Amino acid sequence: MTGRPLLSLKGVSKVFRNGGDVLEVLSGVSCDIMEGEQVCLLGRSGCGKSTLLRIVAGFLLPDAGHVEIGGERITAPGSDRCMVFQEDALFPWLTVRENVAFGARRKMPRGTLDSEVNRYLEKVGLASFGDYLPRQISGGMQQRVALARVLILRPRVLLMDEPFGALDALTRREMHKLFLSLMKETNGTSLFVTHDVEEAVTLADRILVMSRTPGRIRADIPVALCRPRDRFDGTFVRLCREVQDLLASEAVIA
Ligand SMILES: Nc1ncnc2c1ncn2[C@@H]1O[C@H](COP(=O)(O)OP(=O)(O)OP(=O)(O)O)[C@@H](O)[C@H]1O
Ligand SMILES: [Mg+2]
0 MTGRPLLSLK GVSKVFRNGG DVLEVLSGVS CDIMEGEQVC LLGRSGCGKS
50 TLLRIVAGFL LPDAGHVEIG GERITAPGSD RCMVFQEDAL FPWLTVRENV
100 AFGARRKMPR GTLDSEVNRY LEKVGLASFG DYLPRQISGG MQQRVALARV
150 LILRPRVLLM DEPFGALDAL TRREMHKLFL SLMKETNGTS LFVTHDVEEA
200 VTLADRILVM SRTPGRIRAD IPVALCRPRD RFDGTFVRLC REVQDLLASE
250 AVIA
C-alpha cells in the first residue's frame with residue numbers, strides 16, 4: 000500500500016426525481032481509498048450502495064461533489080474501473096474463453112490476448128473449461144469467469160456489487176480466498192458492496208458502514224486482523240458483532 004489515495008470521494012451527493020417525488024439518496028459521502036486496499040461498503044437495502052458504485056464507475060454523475068482516481072476527476076466510465084455484479088451477465092453465446100477475451104480483444108494483439116486469456120483462466124481455476132458455454136458451468140464458475148474478464152483488463156479499481164451474494168456459503172468462501180489471493184498478487188484495489196457482515200470482516204482492510212436516507216458514511220472501521228482470517232477467532236467474532244449491531248440500529252423503514 001502506498002501513502003496516497005488512489006480513489007477519493009469528495010462530498011458525493013445524489014438526488015433522484017421520480018415524477019414529483021424527490022429522493023435524496025446520497026449526502027456528502029467522502030472517503031479515500033489507498034492503492035492495494037480492500038474496502039467493503041455495508042448498509043441496509045436501499046441506502047445507496049449501488050448508486051455510489053455506479054457514480055464511481057462513471058455510469059452516473061453526482062449532483063454535488065465528485066470522485067477522483069489518481070487525482071483525476073471521474074466524469075465517464077473508463078477501463079481503469081471495472082464492475083462485477085451479483086449475477087454477472089456473461090454473453091451466453093460465447094464460450095468461457097471468448098467471454099474472458101471480449102473486453103480485452105481491442106487492447107492487445109491476438110497472440111498476447113490468447114496467452115493472457117489462458118493465464119487468467121488458469122488463475123481462476125478454469126483452464127480446462129475454456130470451451131464451455133456459460134450455461135454449462137456452475138454459478139460459482141460463472142463468477143470466476145466474471146472476475147477473470149475484468150482482471151485481464153488490469154483495472155486500477157475493482158468495483159464489486161455483491162458479487163458472491165447468489166453463491167452457497169462454501170463456494171462463497173472459496174471465492175473469498177481466490178479474490179484475496181488475486182488482489183494480493185496484483186496489488187489490486189477494490190470497493191466491495193456486500194450485505195454479509197462476515198464477508199466484509201473476511202475481506203476488508205476497512206469497512207464503511209452507511210446510514211440510510213440519505214446515505215452517509217456512518218462508520219469507518221479498520222480491520223486489523225492478519226490473513227488468512229479465522230471466522231471462529233474471538234476478535235473476528237467480536238468485530239462481526241460490532242458491525243452487525245451498527246447495522247441493526249438503523250431503522251428498517253425510514
Ligand atoms: N435510476 C433511479 N431512479 C430513481 N431512483 C433510483 C434509481 N436508482 C436507485 N434509485 C433509488 O435510490 C435508492 C438507493 O438505491 P440503491 O440501488 O443504490 O440501493 P442499495 O443500497 O444498493 O440497495 P440494495 O442493498 O437493496 O441493493 C433506492 O431507494 C432506489 O429506489
Ligand atoms: Mg444494490
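In numbering that gives the first Met the number 0, the protein residues as written are 0 to 253.
All residues carry an ideal CB built from backbone N, CA and C; glycine is no exception.
Computed from a predicted model, the values in this text were never measured in an experiment.
{"Check": "SER49: CB within 6 Å of a non-hydrogen atom of ligand 2", "Outcome": "yes"}
{"Check": "beta-carbon CYS46 near ligand 1 non-hydrogen atom, thresh 6 Å", "Outcome": "yes"}
{"Check": "Beta-carbon proximity of GLU36 to ASP219, cut-off 7 Å", "Outcome": "no"}
{"Check": "Buried versus exposed, by CB contacts within 10 Å (16 or more), ASN17", "Outcome": "exposed"}
{"Check": "Nearest-angstrom beta carbon gap, HIS194 and GLY214 [assumed within contact, 8 Å]", "Outcome": "Contact flag wrong, Cβ pair sits at about 15 Å."}
{"Check": "Contact belief for ILE206 with VAL156 at Cβ below 8 Å, rounded distance in angstroms", "Outcome": "Incorrect: roughly 17 Å between the Cβ atoms, too far for contact."}
{"Check": "According to DSSP, residues forming a beta bridge with ALA218", "Outcome": "VAL208"}
{"Check": "Segment contact flag, the region 44 to 62 with the region 89 to 106, C-beta cutoff 8 Å, min 3 pairs", "Outcome": "no"}
{"Check": "Residues of its chain near GLY77, where Cβ-Cβ distance is below 7 Å and the 5 sequence neighbours each way are ignored", "Outcome": "GLY57"}
{"Check": "Integer-rounded CB distance, given that MET174 should sit under 8 Å from VAL83", "Outcome": "Actually they do not touch by this definition, with Cβ atoms about 11 Å apart."}
{"Check": "For SER127, three-class secondary structure by DSSP", "Outcome": "helix"}
{"Check": "Which of helix, strand or coil DSSP assigns to PRO4", "Outcome": "strand"}
{"Check": "Where the beta strand (DSSP E) containing MET82 begins and where it ends", "Outcome": "80 to 83"}
{"Check": "Cα-Cα separation, ARG217 to LEU190", "Outcome": "16 Å"}
{"Check": "Contact check, LEU152 vs GLY102, beta carbons under 7 Å", "Outcome": "yes"}
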